[in-house]
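In the working numbering, the protein residues as written are 225 to 632. See structure below.
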Amino acid sequence: MRPGAKRIALFLDGTWNTVRDNTNVWRLRALCAEQSADGARQVVYYDTGVGSRKGEKLRGGMFGYGLDSNVISAYRWLIENYEPGDDVFVFGFSRGAFTARSLTGLIAKCGLLQPGAPLSVEQIFKRYIDSKATRPIYQLQFEQRELSRRLKRGESSTDEPRIFPPSREEQWLLSYSQRINIEFTGVFDTVGSLGVPFGNFWFSSKRSQFHHTRLSNLYRRTYQALAIDEHRRHFSPAIWTKFTPLQTGAQARTPRLQPLVEQRWFVGAHANIGGGYIDDRLAQIPLAWLVEKATLTGLSFKYPVQIDPGSFRDPVADSYSQFAGGFYKLATFGQRHLRSIGSGRFGVASPPGYVKSVNETIDASVFDRWRSDAAYRPQNLATWATLRQVDPACLMGAVSADSAEVIT
């Protein structure tokens, strides 16, 4: 950090949450100190999430109404508060985690506008969601550098591959938007597209598919806490993945700098991970994990997170049966969805290559629960253990979901 720089932390809460719910995102915001251990000022932003305001309960919770405006509000606040050299930390839970990743995706694609720019935030956001018709800022910057090199060599922009001149809006983007690093992203169980189940149909908003929630080389450290025991199919987690092209020899490219990524599985359903249940100690465990990671990255908190002995044995919520007063279970004919742990990789035809989840791990508390509670035998965890040829009762510490090797 440059002298005088500050740490900026944005906390984006989940669907239908208010401060009364005491989610892990709200608790992180409450724990965040005004000054870091090295004396840097810490500035915070908190948003209650989609579906939390009056009149948004159904539209926000079921169809994601308000997601765009939440991203825009956080982006606008960041414009007003960011100065070059500041460290940016972003946290989120559920749809708030999706909002957090959309915000960082907006910054990765369009940069962060400088205050007083002739472009409006709404123009920037329109460019962001119109992914097929607009060029991202990194492409524009690359093309401008390439054009400069061509002109020095006496070549033309019309030579193949042709470089099209930037539009006025793109010229403004190049002049008034800055590419910034996201120092830390910490999310609890990212959920993207939700909808309303009815019989064999699922009515949902397709708006969220235009949001960029993938990894970027602008992200320094990214962490996600995941729920083993969430069985609602339409709460499937948005796991970070990486595409690897099948390139060899002269076609192979030097790999770009990749962010530090970890996605860790914990005991519990969706809100056991992100918080919000009354008297639930399971949520303490992923909270403590993300606090530790953020602290190591430079963010300071007022107090440490205490984990009571035996917290991992607290009841797991049956979110599948309880959701929507039991209507969800009825509408999905009682068919529980099992989340895949260490899901491996799958091939992609065009361009040829494969996609694989990035660095999934399983927390030590999961195996503590397995050993101490004979009734705790999640089918997805048992399937993972069978495929890896390991006995969960014998695993001491957190492990890699790929290799089952102990990492702590």
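C-beta atoms are modelled at their ideal positions from N, C-alpha and C, and glycine is treated no differently.
### Message
Quick test of your reading: I248 and F412, contact by CB under 8 Å. State the CB separation rounded to the nearest angstrom.
### Response
It is Asn, not Ile, that sits at residue 248 in the sequence shown. Between F412 and N248 the Cβ distance is about 6 Å, and since that is below 8 Å, they are a contact.
### Message
Please tell me whether W594 and G566 are closer than 7 Å, where the distance is taken between their beta carbons.
### Response
No, Cβ-Cβ distance for W594 and G566 is not below 7 Å.
### Query
Just the Cα atoms here: how many angstroms apart are Q365 and D310?
About 22 Å.
### Task
Can you grab the Cα-Cα spacing for the pair M225 / P539, in whole Å?
When rounded, the separation of the alpha-carbon atoms in M225 and P539 is 43 Å.
### Message
For R665, which residues in the same chain have their Cβ closer than 6 Å to its Cβ, ignoring the five residues on either side in sequence?
### Response
Nothing can be reported for residue 665: it is not among the residues displayed for the chain, which extend from 225 to 632.
#### Entry: W464, enclosing alpha helix (DSSP H) - first and last residue
Neither: W464 is in no alpha helix (DSSP H) and is coded neither H nor E.
### Task
Taking all protein chains shown into account, decide if S589 is buried (16 or more other Cβ within 10 angstroms of its Cβ) or exposed.
Its Cβ being crowded by 16 or more others within 10 Å, S589 is buried.
### Task
Rounded to whole angstroms, what's the CA-CA distance from N424 to S318? Just pull it up for me.
Because the pLDDT of N424 is 40, which lies under 50, any placement of that residue in the model is unreliable, and the question is left without a value.
### Task
Note down the Cα distance separating I404 from T610, rounded to an integer number of angstroms.
Cα to Cα, I404 sits roughly 43 Å from T610.
### Span separating the alpha-carbon of G329 from that of Q338
Whole-angstrom Cα-Cα distance: 17 Å.
### Query
Pairing CB atoms from the region 438-452 with CB atoms from the region 483-497, are three or more of them under 8 Å?
Yes: the two stretches touch, three or more of their Cβ pairs being nearer than 8 Å.
### Query
CA-CA distance, Y269 and L234?
The alpha-carbon atoms of Y269 and L234 are separated by roughly 5 Å.
### Task
Go to Y352, then tell me how far its alpha helix (DSSP H) extends in each direction, as first and last residue.
Residues 345-353.
#### Entry: Neighbour-count burial assignment, L302, 16 or more Cβ in a 10 Å radius
L302 is buried by the Cβ-count criterion.
#### Entry: Burial state of P575, where buried means 16 or more other Cβ atoms lie within 10 Å
So P575 ends up on the exposed side.
#### Entry: Of the listed residues R488, R386, P461, nearest to G621 (C-alpha basis)
Among R488, R386, P461, the Cα nearest to that of G621 belongs to R488.
### Message
Pull the bridge partners of S627 from the DSSP assignment, please.
### Response
None, per the DSSP bridge assignment.
### Message
Among the candidates D237, K230, T272, whose CA atom is the shortest distance from the CA of Q259?
### Response
Residue K230 is the option with its Cα nearest to Q259.
### Query
E407: buried (16+ other C-beta within 10 angstroms of its C-beta) or exposed?
By the neighbour-count criterion, in which 16 or more other beta carbons inside 10 Å mark a residue as buried, E407 falls on the buried side.
### Task
Mark I509 as exposed unless 16 or more other C-beta atoms lie within 10 angstroms of its C-beta, in which case mark it buried.
Result: buried.
### Message
Classify P616: buried if its beta carbon has 16 or more other beta carbons within 10 angstroms, exposed otherwise.
### Response
Counting Cβ neighbours within 10 Å, P616 comes out buried, since at least 16 surround it.
### Query
When the cut-off is 7 Å and only beta carbons count, does L234 lie next to chain D?
The chain labelled as chain D is not found in the depicted structure, where only one protein chain is given.
### Message
I believe W396 touches P342 by the beta-carbon criterion, under 8 Å. Please report the beta-carbon distance rounded to the nearest angstrom.
### Response
The pair is a contact, with the Cβ atoms about 5 Å apart (cut-off 8 Å).
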